[in-house]
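Everything below concerns the one structure shown next.
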Amino acid sequence: MPEAMDASPGAAAGGLAGRLWRGLRLPLGDPLAVFGLMIYVLFILTAVFADQLATHDPTEILYTPDYDLAADRRPGEDGYILGTTSLGRDIWSQLVYGSRSALLIGLTAAVMVALIGTLVGLVAGYFGGWVDAVLMRLADIAFGIPFLPFVIVLSAFLEPSIWNVVLAMALVLWRDTGRVIRSQVLSLRTRAYVEAARVCGSSDLKIVFRHIAPNILPLSFLYGSIAIGWAILTEASISFLGFGDPDTISWGTMLQDAYASQALSTRAFHWFVPPGLCIILVVVAGFLVSRGYEEILFPKLKE
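All letters in the sequence shown, in the order written, are residues 1196 to 1498 by this note's numbering.
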C-alpha cells in the first residue's frame, strides 16, 4: 500500500491539533473536492435556516380559502413553490426540512464510522498479536453481513427511527475504515521516531495518540466523507421501503409518499424529482471530497 503521507518526526511534532487542521484543509487544492464541499455547505445552510426558508409546516395539511383540500397543486399554483402532495402538504417545506434529517443522519453516522474504524485500526495495527487477530476477525464478520438487509432486519425489530441507520452503520461499516487504518499503522509503528519515543519511555497510549494518530487522521476524514453519502442513501432506501420513521420528514419518506400516491403515473415530477436530486447531490459530494483526499494521500494516483 502506498504511503499515505509524510510521517517524519517533524510531522509528528506538529501535534494532533495541527495535523487535524491540515487534514481538513487537504481537499481544498482539488476543484472537484471544493465543489463537493460547497454542496455540503449549501445543504448545511438550508438545514440551519429551514425555519426561515420553509413556507409552511411540512406536516400541515393545507386548505384553500374555500376550505377545500389544497391537494395536487402544481409548482407555482396558489403560491406553492413546488406544489403540494396528494394530502395537501407543501413539498417545498418538506424538501427543506428533509435536509435536517439527512445531515443529522449523515454527519452522525460519519463520525461514528470514522471514530470506531480509527480506534479499531489504531489498536489492531499498533499492538498486533491476539488483539489484532480478534479485531480483524470481527471485521471479517462485518464484511460478511449484507448491509441493507441488516438495516431492514434491525429496523423491523426496533421502533422506527432515523437512528436505526446510524446504529447499523456504526455496527457494520467501520470495517473498511478499520482495515485501511490498520494497514497504515503497521507501517507507521516501525518508523524511527516511534522507536525513539518508545526508547525514551513514552507509554503505548502516548505513542498511539500523539505520534501515530495525527498521521492517519486524513484517512479517517476520507472514510467519514464517504459515510455521509452512504448514510443518507441508506436512510432514503429504508424509508422508501416503509421501515423509516413516519413522524420524521426526510427525503426518503417524501419518495415513499410519492410512490404510494402513484406520483409517476400522474406525472407529478415536481414531487419526487427534487428529493431524488438532493440525495444524488449529497452522495456525489461525498465522492468528490473523498476523491480529493485520495489524490493527496496517494499522489501516485495522479500519474
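Note that CB positions come from ideal geometry on N, CA and C, so glycine has one too.
> Hey, quick one: how far does the alpha helix (DSSP H) through residue 1429 stretch, first residue to last?
Replying inline: Position 234 of the sequence shown, counted from the start, is the residue given in the question as residue 1429. Element bounds for residue 1429: 1408-1435.
>> So, for residue 1309: in the same chain, excluding its five sequence neighbours on each side, which residues have a beta-carbon less than 8 Å away from its beta-carbon?
In response: As a working mapping, residue 1309 is identified with position 114 in the sequence shown. The residues are 1372, 1415, 1416, 1418, 1419, 1422.
> Under a three-way DSSP split, which group does residue 1279 fall into?
Replying inline: Along the sequence shown, read from residue 1 onward, the residue named residue 1279 stands at position 84. DSSP places residue 1279 in strand when its eight states are reduced to three.
> What's the C-alpha gap between residue 1256 and residue 1354?
Replying inline: The residue given as residue 1256 occupies position 61 in the sequence shown. The residue given as residue 1354 occupies position 159 in the sequence shown. The straight-line gap from Cα to Cα measures roughly 26 Å.
> Taking the alpha-carbon positions, what's the residue 1203 to residue 1409 distance?
Replying inline: Position 8 of the sequence shown, counted from the first residue, corresponds to residue 1203. Position 214 of the sequence shown, counted from the first residue, corresponds to residue 1409. Since pLDDT at residue 1203 reaches only 43, below the 50 mark, its modelled position is unreliable, and no value is offered.
> With 16 other CB atoms within 10 Å as the buried threshold, where does residue 1446 fall?
Replying inline: The sequence position of residue 1446 within the sequence shown is 251, counting from 1. It is buried - the Cβ of residue 1446 has at least 16 other Cβ atoms within 10 Å.
> My guess is that residue 1266 and residue 1288 are in contact by the Cβ rule of under 8 Å, so how many angstroms apart are they, rounded?
Replying inline: Here the question's residue 1266 lines up with position 71 in the sequence shown. Here the question's residue 1288 lines up with position 93 in the sequence shown. Actually they do not touch by this definition, with Cβ atoms about 15 Å apart.
>> Please report the distance separating the alpha-carbon of residue 1359 from that of residue 1250.
In response: Taking the sequence shown and counting its residues from 1, one reaches residue 1359 at position 164. Taking the sequence shown and counting its residues from 1, one reaches residue 1250 at position 55. Each residue's alpha carbon lies about 30 Å from the other.
> Of all the options 1239, 1286, 1334, which has the alpha carbon lying nearest to the alpha carbon of residue 1271?
Replying inline: Residue mapping note: residue 1271 aligns to position 76 of the sequence shown, counting from 1. Selected option, being the one with the closest Cα: 1286.
> With distances taken from CA atoms, which of 1284, 1295, 1269 is nearest residue 1237?
Replying inline: The residue labelled residue 1237 in the question sits at position 42 within the sequence shown. The shortest C-alpha separation from residue 1237 is found at 1295.
> How about residue 1432 and residue 1343: are their beta carbons less than 9 Å apart?
Replying inline: Here residue 1432 refers to the residue found at position 237 of the sequence shown. Here residue 1343 refers to the residue found at position 148 of the sequence shown. Closer than 9 Å, so yes.
> How many Å lie between residue 1247 and residue 1273 at the Cα?
Replying inline: In the sequence shown, residue 1247 corresponds to position 52, counting from 1. In the sequence shown, residue 1273 corresponds to position 78, counting from 1. Residue 1247 and residue 1273: Cα-Cα distance of roughly 20 Å.
> Roughly how many angstroms lie between the CA atoms of residue 1337 and residue 1370, to the nearest whole one?
Replying inline: Walking along the sequence shown from the start, residue 1337 turns up at place 142. Walking along the sequence shown from the start, residue 1370 turns up at place 175. Rounded to whole angstroms, residue 1337 to residue 1370 spans 6 Å at the Cα level.
>> Less than 8 Å between C-beta atoms, sequence neighbours within five positions excluded: which residues of the same chain meet that for residue 1545?
In response: Coverage of the chain is limited to positions 1196 through 1498, which leaves residue 1545 absent and any answer about it impossible.
> Can you name the residues that DSSP bridges to residue 1258?
Replying inline: Residue 1258 sits at position 63 when you count from the first residue of the sequence shown. Bridge partners of residue 1258: 1264.
> Exposed or buried, what is residue 1328 when buried is set at 16 or more other beta-carbons lying within 10 Å of its beta-carbon?
Replying inline: As a working note, residue 1328 is residue 133 in the sequence shown. Label assigned to residue 1328: exposed.
> Hey, residue 1481 and residue 1424 are a contact pair by Cβ (cut 8 Å); roughly how many whole angstroms apart?
Replying inline: Locating residue 1481 in the sequence shown gives position 286, where the first residue counts as 1. Locating residue 1424 in the sequence shown gives position 229, where the first residue counts as 1. Indeed they touch by this definition, with Cβ atoms about 3 Å apart.
>> Looking at the ligand ZN, does it come within less than 8 Å of residue 1484, judged from the CB to the closest heavy atom?
In response: The model on display carries no ligand, and the ligand ZN is accordingly not part of it.
> What span of residues does the alpha helix (DSSP H) with residue 1327 cover, start to end?
Replying inline: Numbered from 1 along the sequence shown, position 132 holds the residue referred to as residue 1327. Counting along the chain, the alpha helix (DSSP H) containing residue 1327 begins and ends at 1324-1338.
> If you count every other CB in all the chains shown that lies within 10 Å of the CB of residue 1350, and 16 or more means buried, which is it?
Replying inline: Position 155 of the sequence shown, counting from 1, holds the residue named residue 1350. Label assigned to residue 1350: buried.
> Just how far apart, CA to CA, sit residue 1352 and residue 1387?
Replying inline: Against the sequence shown, residue 1352 aligns to sequence position 157. Against the sequence shown, residue 1387 aligns to sequence position 192. For residue 1352 and residue 1387, the distance between alpha carbons rounds to 51 Å.
> By the 10 Å Cβ neighbour count, where 16 or more other Cβ atoms means buried, how is residue 1430 classified, buried or exposed?
Replying inline: The residue you call residue 1430 lines up with position 235 of the sequence shown. The residue in question, residue 1430, is buried, as its Cβ has 16 or more Cβ neighbours within 10 Å.
> Should residue 1196 go down as buried or exposed, given a rule of 16 or more other Cβ atoms within 10 Å for buried?
Replying inline: For the purposes of this step, residue 1196 is taken as residue 1 along the sequence shown, with counting starting at 1. Note that residue 1196 scores a pLDDT of 39, beneath 50, so its modelled location is shaky and nothing firm can be said.
> First and last residue of the alpha helix (DSSP H) that includes residue 1366?
Replying inline: Locating residue 1366 in the sequence shown gives position 171, where the first residue counts as 1. Per DSSP, residue 1366 belongs to the alpha helix (DSSP H) from 1358-1367.
>> Rounded to whole angstroms, what is the Cα-Cα separation between residue 1277 and residue 1299?
In response: Stepping through the sequence shown from its first residue, residue 1277 is reached at position 82. Stepping through the sequence shown from its first residue, residue 1299 is reached at position 104. Taking the straight line from one Cα to the other gives about 24 Å.
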